[in-house]
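**Q** Under this note's numbering, read the sequence shown as residues 1 to 733, first letter to last.
Note that CB positions come from ideal geometry on N, CA and C, so glycine has one too.
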Amino acid sequence: MYVKVAFFSFLKKLIFYYLYCRTQKHQCTIPMSTFLQTSIEFLKGVGPVKADMLKKELGIHTFSDLLTAYPYRYVDKTRFHRIMDLSNESGEVQLKGILRKLDVLGDGRKKRLVGRLRDETGVIELVWFRGIFWLQNKLEVGKQYVAFGKVNYFNSFLNIAHPEMEEVSEQNLKANLTFAPVYSSTDKLNNKGLDAKGRRSLMSLLLSKMSPADLPENLPEYLIEKMKLIGRHEAVNWIHFPKNQQQLDAATNRLKFEELFFLQMRLLQSKHRRKASIKGYVFSKVGDHFHKFYKERLAFELTGAQKRVVKEIRQDMGMGIQMNRLLQGDVGSGKTVTALLCILIALDNGFQTCLMAPTEILAQQHFVGISEEVDGMDITVAFLSGSIKGKKRKAILERLLEGEIDILIGTHALIEDWVEFKNLGLAITDEQHRFGVKQRASLWKKGKPLPPHILVMTATPIPRTLAMTLYGDLDVSVIDELPPGRKSITTTHRNENHRIRVFGFMKEEIAKGRQIYVVYPLIEESEKLDLKNLMEGYEAISREFPLPDYAISIVHGKMKAKDKEFEMQRFVKGETQIMVATTVIEVGVNVPNASVMVIESTDRFGLSQLHQLRGRVGRGADQSYCILMTDFKLSTDARERIATMVRTNNGFDIAEADLKLRGPGNMEGTQQSGMLNLHIADLGRDGEILRTARAIAQRILDKDAELTHPLNERLRNYMEAMGKKVRSWGRII
Ligand code: ADP
Ligand code: MG
């Protein structure tokens with residue numbers, strides 16, 4: 001018997017000892033330098049189960065992840081409020097008082113626990129609907145508590161629902177005088193004790209274990225001084241547990257700067273390295289084609305912006321370095337002719353070019369337009385898309401490889417493996433935001449032996465802050481001027497009550513010889529419904545605008561390419577007065593005689609799409625109109641979008657508004673970019689910091705591209721360490 005007990009006691013000790021060693025081991029064997037890379041499981045109080053949940057729910061794998069999961073807001077517990085001063089506008093308050101009463105009232109679903117907290121100035125009601133039993137046991141009438149929660153106004157009395165309660169002690173009175181961080185959480189985490197309080201204590205434990213050596217300074221002293229920043233270790237501590245607003249501001253500022261600065265350093269350094277290592281064809285001359293076109297063919301004077309951009313591109317293509325350039329310009333700013341001039345420079349230097357557009361219609365239009373422009377200039381232009389098949393395709397491919405085709409215009413088909421050029425010197429993509437990164441990257445491979453120069457054009461202006469980030473390693477040209485004589489487009493918001501008047505207005509415009517677009521949304525999830533709306537709309541319009549006085553075109557995604565083309569052409573030639581369409585006409589279509597754009601269910605379009613659509617009109621000399629039709633009921637967001645459209649025609653302003661409304665991650669073309677996974681900076685709000693950070697990064701790299709100067713040692717070390725961590729920093733095109 002005795003032996004048995006002794007044995008079990010020994011076994012128990014052994015197990016405890018083993019467990020003790022295990023925890024010790026984790027604490028002792030982790031080398032300091034890798035402290036932050038430690039799995040979150042090994043933080044005291046976490047363990048495998050909670051660790052798993054933190055990984056799954058919040059993507060927190062390591063100490064470092066936990067550290068950079070910054071609070072998304074703070075609750076101000078820097079002072080105690082007086083109950084007397086409270087109002088329904090007080091928001092979240094911290095009170096200190098004696099719990100005077102605690103009763104369970106009502107029953108069933110109305111059952112609630114009601115308490116009263118009294119301080120020297122008054123009394124307020126506290127109420128709980130959940131956890132009643134537990135709270136009843138925990139709270140004690142007559143004791144002093146610190147209560148925290150949001151003040152509500154209920155039945156003409158003030159109360160606080162579900163306040164946090166903590167018994168007053170000397171220690172917590174001090175601890176409570178803080179800005180308490182609030183971390184994003186989920187129900188699952190809350191249930192596992194990782195609620196607000198749980199997360200806070202994890203964080204404070206981690207911070208207490210972390211020494212300044214674990215988080216070495218990564219900015220050089222001269223920069224810290226110049227920017228008046230606080231140190232890195234301090235900033236990380238303060239961002240989680242600031243004592244006051246000043247500390248929070250200082251920490252936020254430092255960390256935002258650091259984040260944006262290193263982002264820009266990486267972008268600019270990769271741009272620099274690319275330029276240093278990737279050679280490009282030298283287009284040294286501006287020759288006959290260019291001059292002939294410029295002097296004899298160009299029907300108008302280029303705008304100042306167009307001239308500047310052509311010059312920028314010409315210089316870029318003449319330096320022996322591969323060009324990677326983004327061309328931004330608002331709808332109708334004349335990017336096509338600018339691109340054509342660059343194509344002619346490539347031709348003059350003996351190279352082929354290609355122009356890729358995202359839709360068949362747009363590619364066709366470029367093909368027809370450019371063919372006409374260079375007609376009689378001894379330039380061969382060809383068209384290629386998925387719909388060109390068999391012998392026709394074969395012939396094109398052969399001639400392309402022989403070098404008989406000078407300009408190849410088409411859709412995604414251009415990047416297929418079977419498309420081979422003799423000597424591709426310049427590859428242009430129009431409306432680049434529609435192409436994926438991969439698709440664009442494959443253009444690089446089409447050039448032999450060197451990659452072609454790359455020009456990507458976007459008609460959706462991108463806010464400067466986003467461009468500096470998404471395209472931060474490209475050179476950017478901006479056409480910020482519209483051709484002269486354009487009248488600004490008058491935009492109005494209308495609903496069903498105005499339908500008859502809108503029809504009347506359309507008739508007046510048609511009587512003046514103008515043409516009209518009526519556009520319906522087409523979103524994949526509800527394709528059927530959309531098609532139904534479109535067809536109903538078409539019928540309604542057909543009734544209102546009957547033959548033989550009026551003719552109507554209709555184009556939608558479900559039609560065959562041939563039929564679409566036929567309908568488009570009827571409209572382009574002026575045989576039809578109204579074009580009823582889905583968003584397939586959004587990009588690039590150019591019919592200068594069209595002066596009215598009616599958009600149905602406007603609320604279902606994003607801002608950039610609306611701006612694109614509106615850009616289809618206002619291309620001629622006539623006053624143009626955009627009519628935004630909606631239902632009566634609209635979300636705040638939709639209202640804001642419509643108000644923006646009515647207020648401004650400027651694509652860059654609209655892009656800024658879009659960025660503010662939707663945030664950087666949701667804007668068109670940004671979804672694939674890991675670069676926007678910022679921890680603390682916000683591209684919509686931190687433009688100023690970003691600009692500064694980029695300018696400084698540029699200056700540093702201009703002088704010391706590989707950061708070998710002793711003063712830049714911290715930068716080099718940190719960038720190298722980061723470089724290893726970031727899996728693919730990838731290039732953008
Ligand atoms: P986007 O930039 O949207 O692609 P386009 O290249 O389609 O614009 O140009 C829109 C229209 O403006 C075209 O009809 C084009 O011929 C015309 N255009 C371009 N540049 C000028 C200019 N400098 N002066 C007058 N018209 C111009
Ligand atoms: Mg265009």
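If you pair each beta-carbon of the segment 593-601 with each one of the segment 500-519, do three or more pairs fall below 8 Å?
**A** yes
**Q** Who pairs with Ser39 in a beta bridge, going by DSSP?
**A** Answer is Thr62, bridged to Ser39.
**Q** What does a CB cutoff of less than 7 Å around Leu414 pick up in its chain, not counting 5 residues either side in sequence?
**A** Cys354, Met356, Leu384 and Leu408
**Q** Candidates Leu105, Arg619, Asp622 and Leu54: which alpha carbon is nearest Asp195's?
**A** Leu54
**Q** My output table needs one value for Glu565: the three-state DSSP class, helix, strand or coil.
**A** helix
**Q** The alpha helix (DSSP H) spanning Tyr145 covers which residue range?
**A** In the DSSP assignment, Tyr145 falls outside any alpha helix (DSSP H) and within the unbroken beta strand (DSSP E) covering Gln144 to Phe154.
**Q** Identify every residue that forms a DSSP beta bridge with Tyr74.
**A** Pro181
**Q** By a C-beta neighbour count over all protein chains shown, 10 Å radius and 16 as the cutoff for buried, is Leu715 buried or exposed?
**A** Residue burial is scored here from C-beta neighbours: Leu715 has at least 16 other C-beta atoms within 10 angstroms and is therefore classed as buried.
**Q** Under the rule that 16 or more other beta-carbon atoms within 10 Å means buried, what is Arg499, buried or exposed?
**A** Counting the other Cβ atoms within 10 Å of the Cβ of Arg499 gives fewer than 16, which makes it exposed.
**Q** Using a Cβ-Cβ cutoff of less than 7 Å, which residues in the same chain neighbour Asn649 once the five nearest sequence positions on both sides are dropped?
**A** Ser488 and Ile489
**Q** On the CB-based measure, 16 or more other CB atoms within 10 Å of its CB, does Thr34 come out buried or exposed?
**A** With fewer than 16 neighbouring CB atoms inside 10 Å of its own CB, Thr34 falls in the exposed class.
**Q** Can you give me the Cβ contacts of Arg79 inside the same chain, cut-off strictly under 6 Å, excluding the 5 residues immediately before and after it?
**A** none
**Q** For the structure I just gave you, are there three or more beta carbon pairs, one from the segment 145-158 and one from the segment 90-103, closer than 8 Å?
**A** yes
**Q** When you compare each of Gly687, Lys56 and Asp637 to Phe605 by their alpha carbons, which one comes out closest?
**A** Asp637
**Q** Do you know whose CA, among Met645, Pro48, Leu607 and Leu126, lies nearest His493's CA?
**A** Closest by alpha carbon: Met645.
**Q** Should Ala581 go down as buried or exposed, given a rule of 16 or more other Cβ atoms within 10 Å for buried?
**A** buried
**Q** Assuming Thr465 contacts Leu683 under a Cβ cut-off of 8 Å, what Cβ separation, rounded to an integer in Å, is found between them?
**A** 5 Å
**Q** In terms of residues, what are the limits of the beta strand (DSSP E) holding Asn137?
**A** Run containing Asn137: none in the beta strand (DSSP E); it sits in the alpha helix (DSSP H), Ile132 to Lys138.
**Q** So the candidates are Val49, Asp65 and Lys77; which of them puts its Cα closest to the Cα of Pro242?
**A** The shortest CA-to-CA distance from Pro242 to any of Val49, Asp65 and Lys77 is the one to Lys77.
**Q** Can you name, in chain order, every residue of its own chain whose Cβ lies under 6 Å from the Cβ of Ile510, other than the five neighbours on each side?
**A** Shown here for Ile510: same chain residues with a beta carbon closer than 6 Å to its own, the five before and five after excluded, namely Gln577 in chain order.
**Q** Please identify the residue among Leu173, Val282 and Arg297 whose C-alpha is closest to the C-alpha of Ile321.
**A** Val282
**Q** In whole angstroms, give me the CA-to-CA distance for Leu66 and Leu99.
**A** 36 Å
**Q** Does the Cβ of Asp430 have 16 or more other Cβ atoms within 10 Å, making it buried, or fewer, making it exposed?
**A** buried
**Q** Work out the CA separation of Ser442 and Gln328 for me, nearest whole Å.
**A** 22 Å
**Q** How many Å lie between Leu450 and Gly280 at the Cα?
**A** Cα to Cα, the separation comes out at about 6 Å.
**Q** For a test of your reading of the model: does the CB of Phe300 fall under 7 Å from any non-hydrogen atom of ligand 1? Yes or no.
**A** yes
**Q** Quick check on DSSP: helix, strand or coil for Lys389?
**A** coil
**Q** Out of curiosity, what's the CA-to-CA distance linking Gly332 and Ser90?
**A** 51 Å
**Q** Using the three-state DSSP reduction, which class does Gly410 fall into: helix, strand or coil?
**A** Reduced to three states, the DSSP call for Gly410 is strand.
**Q** Taking just the CA atoms, how far does Glu404 sit from Arg486?
**A** 39 Å
**Q** At what residues does the beta strand (DSSP E) containing Gln94 begin and finish?
**A** Glu92 to Leu105
**Q** By alpha-carbon positions, which one of Gly425, Phe262 and Ala305 ends up nearest to Ile680?
**A** Phe262
**Q** Give a single yes or no on whether Lys564 has its beta carbon closer than 7 Å to a heavy atom of ligand 2.
**A** no
**Q** Under a Cβ-count criterion, where at least 16 other Cβ atoms within 10 Å of its own Cβ denotes burial, should Ser277 be classed as buried or exposed?
**A** Exposed.
**Q** Given 7 Å as the limit, tell me if Ser624 has its C-beta closer than that to any heavy atom belonging to ligand 1.
**A** With a cutoff of 7 Å, Ser624 does not count as near ligand 1, since its C-beta is closer than that to no heavy atom of the ligand.
**Q** Identify the residues that DSSP records as bridge partners of Gly329: which are they?
**A** Looking at the DSSP output, Gly329 bridges to Ile479.
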